[in-house]
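A.B. asks: As they're listed, the protein sequences go chains A and B.
Offset between the first sequence (1-based) and the working numbering: plus 171.
Offset between the second sequence (1-based) and the working numbering: plus 29.
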Amino acid sequence: KAGVTQTPRYLIKTRGQQVTLSCSPISGHRSVSWYQQTPGQGLQFLFEYFSETQRNKGNFPGRFSGRQFSNSRSEMNVSTLELGDSALYLCASSFHGRGEETQYFGPGTRLLVL
Amino acid sequence: DAKTTQPNSMESNEEEPVHLPCNHSTISGTDYIHWYRQLPSQGPEYVIHGLTSNVNNRMASLAIAEDRKSSTLILHRATLRDAAVYYCILRKVNNAGKSTFGDGTTLTVKP
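#1: Pull up the CB-CB distance for T101/B and A92/B, whole angstroms please, since I reckon it's below 8 Å.
#2: What residues of chain A sit near Q71/B, judged by a beta carbon separation below 9 Å?
#3: Rounded to whole angstroms, what's the CA-CA distance from A107/B to K98/B? Just pull it up for me.
#4: Give a yes or no on whether the minimum CB-CB distance between V122/B and chain A is below 8 Å.
#5: Pair every Cβ in the segment 184-202 of chain A with every Cβ in the segment 267-278 of chain A, then say whether three or more of these pairs are closer than 8 Å.
#6: Using a Cβ-Cβ cutoff of 7 Å, what residues of the segment 237-262 of chain A are near chain B? List them in chain order.
#7: Run the CB neighbour count on D60/B, radius 10 Å, all protein chains shown included, and call it buried at 16 or more, exposed below.
#8: Ends of the beta strand (DSSP E) at Q71/B?
#9: List the residues of chain A that T59/B touches, going by C-beta distances under 8 Å, in chain order.
#10: Can you pull the chain B residues whose beta carbon is under 8 Å from the beta carbon of N227/A, in chain order?
#11: Taking C-alpha atoms, which residue in L214/A, S241/A and K184/A lies nearest to T224/A?
#12: Residues bridged to K98/B by DSSP?
#13: Can you look up L285/A in the DSSP assignment and give me helix, strand or coil?
#14: Show which residues of chain A have a CB atom less than 9 Å away from the CB atom of Y75/B.
What follows is the structure, encoded as structure tokens:
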């Protein structure tokens, strides 16, 4: 079974631009969660999508948004990039997003904002 | 979300057992205890999880205290490949895909 895949793996953008990251979950998984990891703040939850609906949201500004398609693939978008958005963005999938389930993480997309 | 507390770092010798502790004194009855580890520049990797009983799998064992206010991840024979940051996470049964990561424990394995 293929794992969680994320594209692109690396990205360089400049301040003010926007970026879209993609995540393909493990086949059969309907819950996709996104996280941001920075040296200063650690791993922080951004949001979770289940059956094309945002079901849970972390404490991030509205510049961070996402969506999920009918095949469970998910994208996240960051508009008006700031230097502080430089981070490793991780997505994780599970069957239903329930607490007893394992979340499987992708390798991440490393975003550098100049 | 209930918080977890882990030591910042631990050291172990190769081929010796490692016991990584985690305190979660405010755990609720519906919180599952998950352990992940992360190597540099990689996504977190699932290690093990449990609710009340001790759990074993091919990677590790999880020992959960009777009052569930603490747990211990046990690596039976540490290898150099086990050097990573280990995270202890609590996830509610209906938490809708959210894991709250703390700072984790950086495990160093010495040859």
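Even glycine gets a Cβ: it sits at the ideal position worked out from N, Cα and C.
C.D. replies: Working from what's here:
#1: Position 72 of the second sequence, counting from 1, holds the residue named residue 101/B. Position 63 of the second sequence, counting from 1, holds the residue named residue 92/B. Indeed they touch by this definition, with Cβ atoms about 5 Å apart.
#2: Here residue 71/B refers to the residue found at position 42 of the second sequence. Neighbours of Q71/B on chain A, chain order: F276, P278 and G279.
#3: In the second sequence, counting from the first residue as 1, residue 107/B sits at position 78. In the second sequence, counting from the first residue as 1, residue 98/B sits at position 69. Approximately 25 Å, taken between the alpha carbons.
#4: Reading the second sequence from its first residue, position 93 is the one you call residue 122/B. Yes, its Cβ sits closer than 8 Å to a Cβ of chain A.
#5: With a cut-off of 8 Å, the segment 267-278 of chain A and the segment 184-202 of chain A count as touching, because enough Cβ pairs lie within range.
#6: Under the 7 Å Cβ criterion, the segment 237-262 of chain A contributes L261.
#7: By 1-based counting over the second sequence, the position of residue 60/B is 31. Classification for D60/B: buried.
#8: Within the second sequence, numbered from 1, the residue matching residue 71/B stands at position 42. First-last for Q71/B: undefined, no H or E at that position.
#9: Your numbering for residue 59/B matches position 30 in the second sequence. Ordered by position in chain A, the residues that pass the 8 Å Cβ test against T59/B are G270.
#10: As a first step, residue 227/A is located in the first sequence; it is residue number 56 there, counting from the start. Result: N124, A125, G126 and K127.
#11: Mapped onto the first sequence, residue 224/A falls at position 53. Comparing alpha-carbon positions, the option among L214/A, S241/A and K184/A lying closest to T224/A turns out to be S241/A.
#12: What you label residue 98/B is simply residue 69 of the second sequence in a count that begins at 1. Answer is none; K98/B lacks a bridge partner.
#13: Position 114 of the first sequence, counted from the first residue, corresponds to residue 285/A. In the three-state DSSP reduction, L285/A falls in the coil class, being neither helix nor strand.
#14: To locate residue 75/B, count along the second sequence from 1; it is residue 46. Here the neighbours are T273, Q274, Y275 and F276.
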